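K.L.:
What follows is a structure written as structure tokens; I'll ask about it next.
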Amino acid sequence: MSPSDRRRSAQPPLRLLQVVYGARRRVGLVADRLTRRTNHLRRDPVAELPRAICEYFGVLDGRTLHLHALLPTAAGRAPKRATLLFIQGNRQVECPATSDSGGDTVSVTARAAFGDGAEEISLGKGIWSLALAVSDEAGERRLALRTTEVEEHDGPTVAAPLHPVSGWRYEPGCGNHGLAQLTVVGPKARAEVIRLETARTEARIQARFIGVRSLEDPAVVFTSRGGGSDLVVPIDPVDGRFEFVVPLADLASGPPGAEVIWEAWVRTSPARMIRLGRFLHDLRDPRTVLRVSRTAVTIDDRRFVGYRPYYTKAGNLAVACLHYTGAPT
């Protein structure tokens, strides 16, 4: 497809699709807030159980839950068997736990890896209550887990990152009774950059889809921040992955020495656009870490393009290009 064909293939509704994407994102944020409010009003199925105290309750790297709890002092010796329970309505998922006693305290430790693998815990969307089931000679008893809200911090990472493979979110918290709960949120539809490759004469981007259920006439769409025609690059995904050559000659459309910045999108159907970028990480601001140096790429004997891909604070991919003639400096 020639550069002129790429430009003519851009249709006016693309800008409208971007507006729709922003509206969907705002609706999603409102839905998340409503979910949190509903969480504080719902009846916790473990509210009537006796309490154990969570000393630690967190999800590391977006996929691994770690929990350490102290049993009531009347527990005495460590139980023979301990199990961490995830409860949602009539559904219950079990995870093995270990118990230990030291001095006057009895503790239970559990580790749960989330996912669809053989050794992983698979949970559906929604709010799950957590409890412990402990067994000894007297039989089995269940304990709810008292915890506190996760405190916000100002460090370089977020407290509840996305799962680095699936894009699901597993967010620990507590309900209206101060009991441990886990909120599970499905992945947002996005295209995750896997690799940026820059050679002497071309640049390629490899990516994969996350949370995208169907595709119809997919394409990468570059939209200029300064306005003007969009650039559309058809793609042919295989098993949810795709790659494409960045149309550098078209992106460097400004006068020599003037940098033009393009936003990268992916059209997944005639009526839907999603963002292309890096989202599956725990960084609060990826601009400070996921940095890419500017590269000079040769277009022809006397024309060169300064190519600078970068990520915004939200993780969206943008591409800055400028062209100049003569030998690159």
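Just so you know, the sequence shown maps onto residues 0 to 328 in numbering that gives the first Met the number 0. Even glycine gets a Cβ: it sits at the ideal position worked out from N, Cα and C. Quantities reported herein were computed from a predicted structural model and do not represent experimental measurements.
Buried or exposed: which applies to aspartate 229, given that a residue is buried once 16 or more other Cβ atoms fall within 10 Å of its Cβ?
P.N.:
Label assigned to aspartate 229: buried.
K.L.:
Considering just the uninterrupted stretch of the alpha helix (DSSP H) at leucine 289, what are its terminal residues?
P.N.:
Taken as a continuous stretch (DSSP letters only), leucine 289 belongs to no alpha helix (DSSP H), as it is neither H nor E.
K.L.:
With the cut-off set at 7 Å, would you say arginine 80 and serine 134 are in Cβ contact?
P.N.:
For arginine 80 and serine 134, yes; Cβs fall inside 7 Å.
K.L.:
Could you name each continuous beta strand (DSSP E) segment of 3 residues or more that falls completely within the segment 41-78, going from the start of the chain to the end?
P.N.:
For the segment 41-78, whole beta strand (DSSP E) runs of length 3 or above, ordered along the chain, are 50-59, 63-69.
K.L.:
When you compare each of Arg141, Val164, Ser292 to aspartate 60 by their alpha carbons, which one comes out closest?
P.N.:
With distances taken between Cα atoms, aspartate 60 lies closest to Val164.
K.L.:
Does the beta-carbon distance from arginine 274 to asparagine 315 come in below 7 Å?
P.N.:
Yes.
K.L.:
For tryptophan 167, list the residues DSSP reports as bridge partners.
P.N.:
Answer is none; tryptophan 167 lacks a bridge partner.
K.L.:
Take proline 78 as the anchor and find which of Gly88, Pro308, Thr108 has the nearest alpha-carbon.
P.N.:
Comparing Cα-Cα distances from proline 78 to each of Gly88, Pro308, Thr108, the minimum goes to Thr108.
K.L.:
What's the gap between the Cα of serine 100 and the Cα of phenylalanine 241?
P.N.:
Approximately 53 Å, taken between the alpha carbons.
K.L.:
To the nearest angstrom, how far is the alpha carbon of threonine 267 from that of alanine 111?
P.N.:
C-alpha separation (whole angstroms): 34 Å.
K.L.:
Contact defined as beta carbons within less than 8 Å: I believe alanine 218 pairs with isoleucine 234. What is the distance between those atoms, to the nearest angstrom?
P.N.:
6 Å between Cβ atoms; contact.
K.L.:
With burial defined as no fewer than 16 other Cβ atoms inside 10 Å of the residue's Cβ, what is the status of alanine 313: buried or exposed?
P.N.:
It counts as exposed.
K.L.:
Identify the residues that DSSP records as bridge partners of alanine 179: which are they?
P.N.:
Paired residues: Cys173.
K.L.:
Report all residues from its chain with a CB closer than 8 Å to the CB of valine 157; omit the five preceding and five following residues, and keep chain order.
P.N.:
Asp281, Leu282, Arg283.
K.L.:
Which full runs of the alpha helix (DSSP H) of 4+ residues lie inside the segment 223-291, going along the chain?
P.N.:
Within the segment 223-291, the complete alpha helix (DSSP H) runs of at least 4 residues are 247-250.
K.L.:
If you follow the beta strand (DSSP E) that threonine 108 is part of, which residue opens it and which one closes it?
P.N.:
Where threonine 108 is concerned, the enclosing beta strand (DSSP E) stretches over 104-112.
K.L.:
Work out the CA separation of glycine 172 and serine 1 for me, nearest whole Å.
P.N.:
Residue confidence is low: serine 1 scores 42 on pLDDT, short of 50, so the model does not pin down where it sits. No coordinate-derived value is stated.
K.L.:
Report yes or no: do the segment 189-204 and the segment 125-145 share at least 3 C-beta pairs separated by less than 8 Å?
P.N.:
At 8 Å Cβ cutoff, the stretches do not touch.
K.L.:
Beta-carbon separation of isoleucine 209 and arginine 224 under 7 Å?
P.N.:
Going by C-beta atoms, isoleucine 209 is not nearer than 7 Å to arginine 224.
K.L.:
Let me confirm a value: histidine 39 is counted as buried when at least 16 other C-beta atoms fall within 10 Å, else exposed. Which label applies?
P.N.:
Legend: pLDDT at histidine 39 = 47, less than 50; position of this residue unreliable, value from coordinates given subsequently. The residue is exposed, with fewer than 16 neighbouring Cβ atoms inside 10 Å.
K.L.:
What does a CB cutoff of less than 6 Å around arginine 293 pick up in its chain, not counting 5 residues either side in sequence?
P.N.:
So the list reads Gly305, Arg307, once near-sequence residues are dropped.
K.L.:
Which residue wins for smallest C-alpha separation from arginine 168, given the options Ile260, Cys94, Lys187, Leu178?
P.N.:
The candidate whose alpha carbon is nearest that of arginine 168 is Lys187.
K.L.:
Which residues in the same chain have their Cβ closer than 6 Å to the Cβ of glutamate 258, if we skip the five residues on either side of it in sequence?
P.N.:
Counting only Cβ-Cβ distances below 6 Å, and skipping sequence neighbours, we find Ala319, Leu321.
K.L.:
When the distance is taken between beta carbons, is tyrosine 309 closer than 7 Å to glycine 276?
P.N.:
No; because the gap between Cβ atoms is not below 7 Å, this pair is not in contact.
K.L.:
Tell me the residue span of the beta strand (DSSP E) that contains glycine 305.
P.N.:
Segment 302-310, the beta strand (DSSP E) holding glycine 305.
K.L.:
In three-state terms, what does DSSP make of histidine 162?
P.N.:
DSSP places histidine 162 in coil when its eight states are reduced to three.
K.L.:
Can you find the residues in the same chain that come closer than 6 Å, C-beta to C-beta, to tryptophan 127, ignoring five residues on each side of it along the sequence?
P.N.:
The answer, listed in chain order, is Phe85, Gln87, Leu181.
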